[in-house]
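K.L.:
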Amino acid sequence: MTPAGRRILAAAEELFYNRGITAVGVDLIAEHSGVTKRTLYNRFGSKDHLVAVYLADRDQRWRTLVRATVDAVDSPAEKVTAPFEALRTWSGTNTRGCAFTNALAELPDPSHPAYRVAANQKLWLLELFTELATAAGCSHPAALATRLLVLHEGALAMQPLPLDSLPESIEAAHVLVRAALPPRRWTERDSTMPAQATAVKP
39 MTPAGRRILA AAEELFYNRG ITAVGVDLIA EHSGVTKRTL YNRFGSKDHL
89 VAVYLADRDQ RWRTLVRATV DAVDSPAEKV TAPFEALRTW SGTNTRGCAF
139 TNALAELPDP SHPAYRVAAN QKLWLLELFT ELATAAGCSH PAALATRLLV
189 LHEGALAMQP LPLDSLPESI EAAHVLVRAA LPPRRWTERD STMPAQATAV
239 KP
């Protein structure tokens, strides 16, 4: 990407995330990035494509952080909840909720290129939870993954409010994982998870 393209993308990310996708036009993005509208269209073709590129770039950074967080953990059980720890890091600079959820709310048309990027981000995380739960030996990994995704998305949705719900979400995730683990898979750290858990049913 050219320097002008990078400036456009940086300006688009700031404006789309903080003001909303539909509220921001190409004129404002061009002004903030110091380029002409012609340059913007030459680099990205359309606003729709620029939105898709913005989300794809953000998605790549998020996936890199999540994978690094998962890889840094040794215990298979702890790996299952590692995406919540990644969210703790990510939330430090993202205070207006989930950019992908926001995009899905603003762009309900499944044929929109940005819709596909946002939807795939959610599906990727669901698949990752399923993969990690399966590797850890959790019972009913697909059902557990869905519950973990709901917790994860709930923590993201609460970000704009003056309420830190992430610690409670992490604790609840540990409860679910412990309930799904056979006793032989518990580690010393796992044994410190809250005990009041019920079995996860499919």
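Each residue of the sequence shown is one higher than the last, beginning at 39 in my numbering. Positions of the beta carbon are idealized from the N, C-alpha and C atoms, including for glycine.
Give the secondary structure of residue 204 by DSSP, where H, G and I count as helix, E and B as strand, and everything else as coil.
P.N.:
The residue you call residue 204 lines up with position 166 of the sequence shown. Note: residue 204 maps to helix in three-state DSSP.
K.L.:
Suppose the cutoff is 7 Å on Cβ atoms and the five residues either side in sequence are ignored; what does the same chain contact list for residue 127 look like?
P.N.:
Position 89 of the sequence shown, counted from the first residue, corresponds to residue 127. These residues qualify, in order along the chain: 103.
K.L.:
Consult DSSP for residue 147 and reduce its assignment to one of helix, strand or coil.
P.N.:
Here residue 147 is taken as the residue at index 109 of the sequence shown, counted from 1. Coil at residue 147, not helix or strand.
K.L.:
At what residues does the alpha helix (DSSP H) containing residue 107 begin and finish?
P.N.:
For the purposes of this step, residue 107 is taken as the residue at position 69 of the sequence shown. Counting along the chain, the alpha helix (DSSP H) containing residue 107 begins and ends at 85–109.
K.L.:
Quick check: the stretch 83–102 against the stretch 146–157, are at least 3 beta-carbon pairs closer than 8 Å?
P.N.:
Taking a contact to require three or more Cβ pairs closer than 8 Å, the stretch 146–157 and the stretch 83–102 qualify as touching.
K.L.:
Just curious, the alpha helix (DSSP H) that residue 198 is in, first and last residue?
P.N.:
As a position in the sequence shown, residue 198 is number 160, starting the count at 1. From DSSP, residue 198 is part of no alpha helix (DSSP H); its letter is neither H nor E.
K.L.:
Taking only the alpha-carbon atoms, compute the straight-line gap between residue 186 and residue 76 and give it to the nearest angstrom.
P.N.:
What you label residue 186 is simply residue 148 of the sequence shown in a count that begins at 1. What you label residue 76 is simply residue 38 of the sequence shown in a count that begins at 1. Roughly 45 Å separates the two Cα atoms.
K.L.:
Specify whether the stretch 167–186 and the stretch 198–206 touch according to this definition: at least 3 beta carbon pairs, one from each stretch, less than 8 Å apart.
P.N.:
No contact exists between the stretch 167–186 and the stretch 198–206.
K.L.:
Report the option in 108, 93 and 208 whose CA atom is closest to the CA atom of residue 142.
P.N.:
In the sequence shown, counting from the first residue as 1, residue 142 sits at position 104. Residue 93 is the option with its Cα nearest to residue 142.
K.L.:
Suppose contacts are defined by Cβ-Cβ distances below 9 Å. Is residue 219 in contact with residue 174 by that definition?
P.N.:
Residue mapping note: residue 219 aligns to position 181 of the sequence shown, counting from 1. Residue mapping note: residue 174 aligns to position 136 of the sequence shown, counting from 1. Yes, the Cβ-Cβ distance between residue 219 and residue 174 is below 9 Å.
K.L.:
Determine whether the beta carbon atoms of residue 99 and residue 46 lie at a separation below 9 Å.
P.N.:
Position 61 of the sequence shown, counting from 1, holds the residue named residue 99. Position 8 of the sequence shown, counting from 1, holds the residue named residue 46. No. Outside cutoff.
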